[in-house]
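The block underneath contains the structure these notes are about, expressed in structure tokens.
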């Protein structure tokens, strides 16, 4: 009996092994073509990652549909993909303005004496002043014309910084500031107080800056509403420029393969790459190459039907020498386009160029639940049917998150890439193994039942035969 029980256990062991789920023996990420370990600090529950080039090259599905995020427990984590919007950056610079005092005769303070000024506007917008002969009686300052100078199209005047009059280190004044672009029509833009005060202990208080609203016009007029008019030592304009920060781009160069028709070159690419700019790298100097770029489309529904070139873009690539310097055509901006096979058609006999694809990488935002995170990518549709996970709306990853908050999320750090192990079953093999497993189990169980029935019958016959019983008793 003990020998038979061992035989049954030996027969059932393959069945139990086959019945064990494959997911319990292999991490789900092992079935993908590429794995990237992700390192996070552990201090934040939601982190982000700008996808590298390797992810797009390894993907086999449009829109990165075969991308998954796993933790050490093999759990698929929710994630969201988006394209970060271009961010604006501000830079500030300070430039000294040119001062033109406007005087009237009869100033009581001889320190304010200055020639009478006649202002003239030159063709470039700058001011030129011409002075009359000084009068016998000193003149007094009544207003100040300020030429801010030319500015860039993306610059705006943010504020003015004043330096105290040289002859009045302690000074207070209430100024009215007007702005104009032609010295004829003036608009009041600010009425503000300026202060330079010295304390008995030698400390100094100063309020030397006036903020200005956005507006047009390079000329300012300053009038004193309170305080003694004085000529400032200098006035500096603070200019603020706003520009869009450069957006990171990925670029991939594809080598040409001969096409089925003369003059056609084929370029294999990942369907996950949605190019927004394309270019051609010519193999020879002093070459001008008219091209048509697109993909093949069949004229009918049958595989044997002929194909035609569906043209997306017609352009001319060139690579020329000029004064000993090489120049070449640049990238052409296109609407986002993804394809597994690009086609470039040239005149037969001309050399085939290399194809450049450029696009903006997506931002991956995921919930960092658990530890030991892995990004896995590169799988067939058959395998993806059996694996949970995939992209979800942002509200299911970062509830209440906004664009500004997302930009400040912690950045996950990439580890060294790990290729899918050769021992991991291919998607088709894994499916075949799963389909065959129940049949193997039932076959082994059926064999075990037959053996048990045979043993029971043999035992029954032996117990029912008295002669056999006596023989066993004599022994």
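Residue numbers (this note's numbering): 126 to 600. The beta-carbon is built from N, C-alpha and C at its ideal position, and this holds for glycine as well.
query	result
Helix, strand or coil at residue 399 [DSSP, three-state]	strand
Contacts around residue 548, its chain only, beta-carbon distance under 8 Å, and the 5 residues preceding and following it disregarded	Annotation note: pLDDT 35 at residue 548 (below 50); position unreliable, no value reported.
Delimiting residues of the beta strand (DSSP E) encompassing residue 465	Premise fails: residue 465 is in no beta strand (DSSP E) and is neither H nor E.
Buried/exposed call for residue 313, threshold 16 Cβ in 10 Å	exposed
Proximal residues to residue 334 (C-beta, below 6 Å), its chain only, five neighbours per side dropped	284 and 286
The segment 386-402 contacting the segment 176-187, beta-carbon criterion three pairs below 8 Å	yes
Assigned exposure category for residue 582 - 16 Cβ within 10 Å defines buried	exposed
Distance CB(residue 420)-CB(residue 390) smaller than 7 Å	no
C-alpha gap between residue 486 and residue 176, whole angstroms	6 Å
Helix, strand or coil at residue 218 according to DSSP, with G and I counted as helix	strand
Sequence-distant residues of the same chain with beta carbon closer than 6 Å to residue 443, five excluded per side	413 and 454
Cβ contact (3+ pairs, closer than 8 Å) linking the segment 310-329 and the segment 264-271	no
Where residue 236 sits in the DSSP three-state scheme	At residue 236, the pLDDT of 48 sits below 50, so the modelled position is not reliable; the number obtained from the coordinates is stated separately. Note: residue 236 maps to helix in three-state DSSP.
Beta-carbon gap between residue 299 and residue 351 smaller than 7 Å	yes
Inter-stretch contact at 8 Å, needing at least 3 Cβ pairs: the segment 355-372 / the segment 205-219	yes
Nearest candidate by alpha-carbon position, reference residue 345, set 457, 508, 432 and 273	273
Where residue 574 falls, given that 16 or more other Cβ within 10 Å makes a residue buried	exposed
Contact check, residue 222 vs residue 271, beta carbons under 7 Å	yes
Contacts around residue 586, its chain only, beta-carbon distance under 8 Å, and the 5 residues preceding and following it disregarded	none
Buried or exposed (CB count within 10 angstroms, at least 16 for buried), residue 441	exposed
Backbone secondary structure at residue 332 - three-state DSSP	strand
Alpha-carbon to alpha-carbon, residue 305 and residue 281	14 Å
For residue 481 and residue 404, believed in contact at Cβ under 8 Å, the rounded distance	4 Å
Whole-angstrom distance between residue 307 and residue 342, CA atom to CA atom	8 Å
Extent of the continuous alpha helix (DSSP H) to which residue 522 belongs	Run containing residue 522: none; DSSP gives neither H nor E here.
Rounded separation between residue 365 and residue 537 - CA only	34 Å
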